[in-house]
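A quick write-up on the structure given underneath.
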Amino acid sequence: MALYCIGDIQGCDAPLARLLAELDFTPSRDTLYVLGDLVNRGPESAAVLRRLMAYGDAAHCLLGNHDLHLLAMAHGIRPARRHDTLTHLLDAPDRPALLDWLRHRPLAIGAHGLLMVHAGVLPAWTVEKTLALAAEVESVLRSDGLVDFLRHMYGNEPARWSDDLQGADRLRVIVNALTRLRFCTADGTMDFLAKEGLDTAPEGCMPWFDVPDRATAGHTVAFGHWSTLGWQGQRRDILSLDTGCVWGGCLSAAEIDADGAFVRLIQTRCEQAQKPGKS
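The numbers in my numbering rise by one with no breaks, and the one at position 65 of the sequence shown is 66.
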């Protein structure tokens, strides 16, 4: 049995197929953990969802910001953006099944000693708290309150977590941290303007994983979302697996053992090369 964490696929089904072939992935034997942004920007988002759905319990897939954007588009809450490539999925005959499967995906997974999220974790959140807060959003996504949640999901405020937050503000902070976070201050105030590499941190900010004494420091966190960060192979407290497949980079998988220890990095090149846009 082999275990793999895979970075942002973003609708690039052909590279995913090549990567899985290189892994000799067998659903009856192996397990995938896909770290969100399954769809958008690449040419085959529907094919990616169909493939992962077919793997059943062998593929555990997180929601990323692009996946949530798809749900918002599907419910008429957000228009298509310039670089979106979701029309074919929204026009697909199996659209209801694809969207229903997507809305039932988690925002955080704890398994094999790893914490897995799409983007980041706020400094004050423990592993247990992160999973509990993710579950609050997951419950709403799977409920009759989905559309109302999506209407209020967008926005950068509040920029800082408080246990006293309630309603839409509370859910928005959770979503923003788990699906959009790159930089924050030492007290956990999030910045959403800087999207480049480590040397572009706004004044007073740092990468979320470098905040001193963050509550998850004793756990390895696997995440995607940050293509300009790329693979940080010199570190073992993080597995940073968005390596820019949709921008002409690589689709990356980290093999882990049953205790979550890093075993090896496997990559395949992507022929899709979009011009960088907002993520």
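The beta carbon of each residue, even a glycine, is placed where N, CA and C say it ideally should be.
C-alpha distance - residue i paired with residue j, whole-angstrom precision
i: Pro203; j: Glu197; result: 11 Å
i: Gly219; j: His226; result: 22 Å
i: Leu134; j: Ser163; result: 12 Å
i: Met154; j: Arg171; result: 10 Å
i: Ala125; j: Asp188; result: 8 Å
i: Leu103; j: Arg51; result: 11 Å
i: Val264; j: Ile78; result: 42 Å
i: Leu266; j: Leu90; result: 31 Å
i: Val40; j: Ser46; result: 5 Å
i: Met2; j: Leu199; result: 35 Å
i: Glu272; j: Cys246; result: 8 Å
i: Arg237; j: Thr221; result: 7 Å
i: Thr201; j: Ser29; result: 43 Å
i: Gln235; j: Trp209; result: 17 Å
i: Leu142; j: Gly205; result: 34 Å
i: Leu4; j: Leu53; result: 15 Å
i: Gln167; j: Glu139; result: 16 Å
i: Ala109; j: Phe26; result: 23 Å
i: Val174; j: Ala136; result: 14 Å
i: Met207; j: His70; result: 26 Å
i: Ala178; j: Arg82; result: 22 Å
i: Leu72; j: Ala216; result: 31 Å
i: Val176; j: Leu240; result: 20 Å
i: Asp165; j: Phe150; result: 19 Å
i: Thr180; j: Arg161; result: 15 Å
i: Pro80; j: Gly12; result: 19 Å
Outcome for residue i when other beta-carbon atoms lying within 10 angstroms are tallied against a minimum of 16
i: Met191; result: buried
i: Ala75; result: buried
i: Asp14; result: buried
i: Ser228; result: buried
i: Pro94; result: exposed
i: Ala55; result: exposed
i: Thr88; result: exposed
i: Pro97; result: exposed
i: Asp101; result: exposed
i: Val148; result: exposed
i: Ala120; result: buried
i: Asp145; result: exposed
i: Ile257; result: buried
i: Asn351; result: As shown, the chain starts at 2 and ends at 280. That puts residue 351 outside it, with no answer to give.
Contacting residues, own chain, Cβ-Cβ under 7 Å from residue i (five flanking each side not counted)
i: Ala169; result: His153
i: Lys279; result: Bear in mind that a pLDDT of 44 at Lys279, under 50, signals an unreliable position, so the model cannot answer this.
i: Gly111; result: Val128, Leu132
Nonlocal neighbours in the same chain, by C-beta distance under 8 Å from residue i, ignoring five residues either side
i: Leu242; result: Cys6, Ile7, Gly8, Asp9, Leu36, Ala223, Phe224, Gly225, Trp232, Ser253, Ala254, Ala255
i: Thr269; result: Pro16, Arg19, Leu20, Glu23, Cys251, Leu252
i: Gly57; result: Pro28
Contact set for residue i: own chain, Cβ-Cβ below 6 Å, skip 5 residues either direction
i: Gly114; result: Asp260, Gly261
i: Arg106; result: Cys62, Leu64
i: Leu194; result: none
C-beta neighbour in chain B for residue i, strict 7 Å
i: Val247; result: The structure shown contains no chain B, having only a single protein chain.
Fill in: Length-filtered (4 minimum) alpha helix (DSSP H) runs lying within the segment 121-177
128-142, 147-152
Worksheet item: Whole alpha helix (DSSP H) runs in the segment 14-50 with 4 or more residues, listed along the chain?
Response: 14-24
Worksheet item: Which residue spans inside the segment 65-114 form an unbroken alpha helix (DSSP H) run of at least 4?
Response: 66-75, 88-91, 96-104
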